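Working notes for the structure below.
Chains as they are written, first to last, in my numbering: chain A, 14 to 473; chain B, 14 to 473.
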């Protein structure tokens with residue numbers, strides 16, 4: 014900052030420092046980061062669009078504390094998750110920890126409150142979580158999660174709705190080229206039961222994972238070691254390789270894999286999902302049946318979802334989730350089945366950045382009101398208030414500096430328009446409106462400033 | 014939750030539990046609380062209105078980590094504040110702590126980043142802070158703060174703008190009967206210098222505080238003990254008792270108290286503030302010059318603000334702040350003067366609740382789409398999507414339960430309208446629209462549902 018030039022500077026004690034003070038080094042912890050406006054404006058924009066979408070479907074916001082009793086959080090995500098917990102003793106010598114996700118606190122919340130809230134219960138939650146992870150992988154130790162779920166019902170209507178929410182969410186972010194991959198774990202799980210591999214999902218998937226590397230025979234050999242007969246192993250391989258259009262896949266599944274109640278129900282649910290999504294008016298190309306996705310090896314038991322961007326397939330799924338049998342079994346005897354998904358916030362922001370869909374601005378207001386002559390501050394703020402009431406953000410520059418300096422500030426921050434008026438303009442009842450990118454200036458009657466600004470902001 | 018009645022329940026493993034499982038008691042820490050939808054919907058609404066107002070003035074969002082090096086946070090708010098810190102060793106044996114406010118992290122942030130960001134810099138920040146306070150006072154150990162500041166300038170234009178922001182913020186919340194009290198500490202501080210009490214603000218204010226109890230003579234006696242002559246003491250008492258309309262107070266101050274450069278500048282700034290606020294079109298009654306407010310004994314050095322609700326004067330100020338000489342002196346030699354204020358979020362929510370200005374709802378969507386016949390789920394979602402595209406939130410009930418049960422759910426959650434259609438309605442191309450509060454039902458053509466809903470939602 015330049016030394017303030019106001020005559021009152023001395024009154025505010027502004028004077029060169031002697032530097033004898035012991036300064037504390039201003040720094041953030043390893044794995045943590047600040048969000049300056051250029052990072053925070055896109056994050057807020059994304060959260061706001063997500064909130065609006067969730068609400069429009071009747072998902073209600075909830076929040077839970079950052080700190081929980083450690084016993085609530087431990088043992089939920091495996092050993093690694095426990096090691097990453099920020100865990101300590103509080104003032105009352107309680108064993109406490111910072112939440113590492115939003116699902117475990119939601120389970121605790123549901124166990125405690127569902128009696129009063131009633132079911133079905135639809136909620137979304139957004140907030141920071143903390144994991145003392147190895148930062149070498151480029152991960153942060155504090156990051157945001159953004160979850161939405163419907164609990165207390167096994168109805169397929171809720172599973173189907175998740176697809177609609179993801180669809181609307183992507184489009185609200187301006188994304189058109191995306192694909193929601195859908196599968197139903199009941200098909201695989203039913204088949205595994207049928208071939209005597211019930212509960213051995215991990216073994217089966219691990220063997221199937223090697224398909225590309227070792228071929229069908231290699232997989233069959235590995236399955237054979239687990240006691241799976243060749244016929245059963247072949248059926249499992251057939252399922253893993255079902256491909257085609259959505260309708261072809263459904264027909265194929267129904268013909269070859271609907272042999273028991275569980276697989277049949279899984280297939281029925283997928284067919285219903287496709288039908289309802291079509292009737293609801295969603296482009297068929299947006300949805301892809303994909304028997305290869307099997308996320309959350311044990312947790313998910315029904316429909317599962319992943320969302321990929323056509324232009325950035327390598328970044329992975331930006332919105333994923335699925336149906337689970339019981340949310341809160343560790344805290345209550347009441348069974349709470351549910352279905353939900355989680356938005357990959359950081360991944361989405363990175364994607365939008367790479368697709369050049371994020372405005373590179375450090376100001377949430379598009380218009381800078383130049384403070385040309387200090388004595389007109391009231392009139393500058395009066396016009397600014399008129400524009401704000403019309404939904405146009407206006408920042409009034411706080412000092413009557415040279416116009417050049419104020420416009421430089423405007424360009425650096427990413428303002429798009431500047432308004433300028435002095436004695437001459439006020440006498441004529443006009444304002445100068447400057448388009449900063451186009452470097453154009455026009456003179457506008459005072460009553461028409463908002464109308465002149467709107468098209469300039471719409472175009473870009 | 015009732016046992017799910019779907020025929021597929023068994024497939025999802027829904028069965029009575031034996032209860033042999035050791036359950037973990039679901040509970041929150043003392044001093045912490047969950048926000049269910051009925052609490053969270055108002056909080057989100059308030060934050061959203063605040064965000065919109067801040068942005069419309071060009072304040073940009075920033076965020077800083079919840080955890081900081083303990084040395085950044087200690088010694089900033091006095092001994093009590095240090096004792097309340099949630100402080101512990103992290104995985105790397107670093108001495109870390111959870112932030113107890115948003116000001117200290119902002120100071121650290123500014124010291125680290127202001128060179129790159131440039132000045133003036135306007136930011137807002139919203140987020141949870143943690144204090145291990147005694148909960149007997151009805152305080153929570155986790156609560157939200159909501160701050161906005163302009164730093165890097167001493168210009169009075171920034172001080173004045175804070176008043177405009179508070180004004181717009183209150184009105185955006187639907188509040189009309191409020192008063193922003195404004196003072197300038199330069200007047201008191203200048204006078205204290207004049208009478209030889211420079212730096213002894215606390216002593217002087219403590220003596221003045223007893224005015225009502227001990228009268229002028231009592232205060233003069235106490236000031237006398239501190240070596241203040243009767244004449245000087247009388248002048249201080251006169252200042253503390255200046256009253257009248259805003260214009261009367263200004264005239265009185267200018268006549269009797271503008272004797273040195275500091276008091277004169279303070280008075281000039283107050284006069285300019287009043288003038289600009291008027292020219293900007295704000296009702297004069299909204300602003301009150303109040304020489305009695307002196308918040309933040311040492312921190313604030315210029316304009317100060319408090320905001321009171323006419324109908325709830327006892328709850329205290331709902332938005333307060335002021336001008337300070339230097340934000341980040343502990344971390345950098347660069348002097349960063351600034352001005353800002355903080356929204357009392359919990360206090361405001363309590364006030365709006367007491368004024369019955371909060372809708373008592375647990376759903377963010379006003380319309381429930383009844384699932385009357387499961388086979389029409391696609392058509393229900395199609396109509397819901399049409400309405401959502403028009404900005405009307407619609408929740409589709411996930412199960413084809415009896416209409417009575419679905420309407421009961423709707424009333425319990427606070428839905429205002431319900432839409433119902435079955436084979437008969439689809440044949441005729443109509444929908445039944447039920448107004449839940451008025452217990453009225455009408456039949457609407459499919460193409461006119463949005464138009465029929467809008468007035469029903471506007472009226473209430």
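Glycine included, every Cβ here is placed at the ideal spot set by N, Cα and C.
Note that the structure is predicted; figures quoted are calculated from it, not measured.
Proximity test, Cβ basis, 8 Å: residue i and chain A
i: residue 415 (chain B); result: no
i: residue 265 (chain B); result: no
i: residue 185 (chain B); result: no
i: residue 131 (chain B); result: yes
i: residue 161 (chain B); result: no
i: residue 57 (chain B); result: yes
i: residue 110 (chain B); result: no
i: residue 178 (chain B); result: no
i: residue 91 (chain B); result: no
i: residue 174 (chain B); result: yes
i: residue 82 (chain B); result: yes
CA-to-CA distance, residue j to residue i, given in whole angstroms
i: residue 431 (chain B); j: residue 468 (chain B); result: 14 Å
i: residue 401 (chain B); j: residue 285 (chain A); result: 22 Å
i: residue 158 (chain A); j: residue 65 (chain A); result: 16 Å
i: residue 224 (chain B); j: residue 123 (chain B); result: 41 Å
i: residue 136 (chain A); j: residue 344 (chain A); result: 19 Å
i: residue 47 (chain B); j: residue 247 (chain B); result: 53 Å
i: residue 88 (chain A); j: residue 105 (chain A); result: 23 Å
i: residue 177 (chain A); j: residue 171 (chain A); result: 10 Å
i: residue 268 (chain B); j: residue 59 (chain B); result: 43 Å
i: residue 111 (chain B); j: residue 399 (chain A); result: 41 Å
i: residue 316 (chain B); j: residue 277 (chain B); result: 13 Å
i: residue 299 (chain B); j: residue 395 (chain A); result: 16 Å
i: residue 361 (chain B); j: residue 175 (chain B); result: 18 Å
8 Å Cβ cutoff, residue i in contact with chain B
i: residue 394 (chain A); result: yes
i: residue 158 (chain A); result: no
i: residue 545 (chain A); result: The structure shown does not extend to residue 545 (chain A), since chain A is modelled only from 14 through 473, so no value can be given for it.
i: residue 384 (chain A); result: yes
i: residue 142 (chain A); result: no
i: residue 401 (chain A); result: yes
Cβ neighbour criterion (16 or more within 10 Å) applied to residue i
i: residue 73 (chain B); result: buried
i: residue 222 (chain A); result: exposed
i: residue 98 (chain A); result: buried
i: residue 323 (chain B); result: exposed
i: residue 460 (chain A); result: exposed
i: residue 470 (chain B); result: exposed
i: residue 220 (chain B); result: buried
i: residue 346 (chain A); result: exposed
i: residue 242 (chain B); result: exposed
i: residue 441 (chain A); result: exposed
Contact set between residue i and chain A, taken where Cβ atoms lie within less than 8 Å
i: residue 53 (chain B); result: 73, 74, 75, 76
i: residue 214 (chain B); result: Within chain A, no residue comes near residue 214 (chain B); the closest Cβ sits about 14 Å away, beyond 8 Å.
i: residue 47 (chain B); result: 75, 76, 77, 78, 122, 125, 126
i: residue 105 (chain B); result: 43
i: residue 376 (chain B); result: 71, 73
Distance cut-off 7 Å: residue i Cβ against heavy atoms of the ligand HEM
i: residue 318 (chain B); result: Among the components of this structure there are no ligands whatsoever, and the ligand HEM is therefore not found.
Cross-chain neighbours of residue i in chain A, by beta carbon under 9 Å
i: residue 39 (chain B); result: 85, 120, 121, 122, 123, 124, 125, 126, 341, 343, 344, 345
i: residue 438 (chain B); result: Here the premise fails: no neighbours, minimum Cβ distance about 16 Å.
Chain-ordered chain B contacts of residue i [CB-CB under 7 Å]
i: residue 289 (chain A); result: 390, 391, 394
i: residue 429 (chain A); result: Correct list: empty, because the minimum Cβ distance to chain B is about 12 Å.
Residue i: contacting residues in chain A (beta-carbon distance under 7 Å)
i: residue 101 (chain B); result: 101
i: residue 406 (chain B); result: 68, 69, 71
i: residue 442 (chain B); result: Chain A residues near residue 442 (chain B): none, gap ~16 Å exceeds 7 Å.
Under 8 Å from the C-beta of residue i: neighbouring residues of chain B
i: residue 62 (chain A); result: Residues of chain B passing the Cβ test: none, with the nearest at roughly 13 Å.
i: residue 316 (chain A); result: By Cβ distance, chain B contributes nothing, its closest Cβ being about 11 Å from residue 316 (chain A), past 8 Å.
Practice task
Taking a Cβ distance cut-off of 9 Å, strictly less, list which residues of the stretch 113-129 of chain A are near chain B, in chain order.
Solution key: 118, 120, 121, 122, 123, 124, 125, 126, 127, 128, 129
Practice task
Determine which residues of the stretch 446-464 of chain A have a Cβ less than 8 Å from any Cβ of chain B, and write them out in chain order.
Solution key: none
Practice task
Name, going along the chain, the residues of the stretch 188-221 of chain B whose beta-carbon falls closer than 8 Å to a beta-carbon of chain A.
Solution key: 199
Practice task
Quick one: which residues of the stretch 240-269 of chain B get their C-beta closer than 7 Å to a C-beta of chain A? List them in chain order.
Solution key: none
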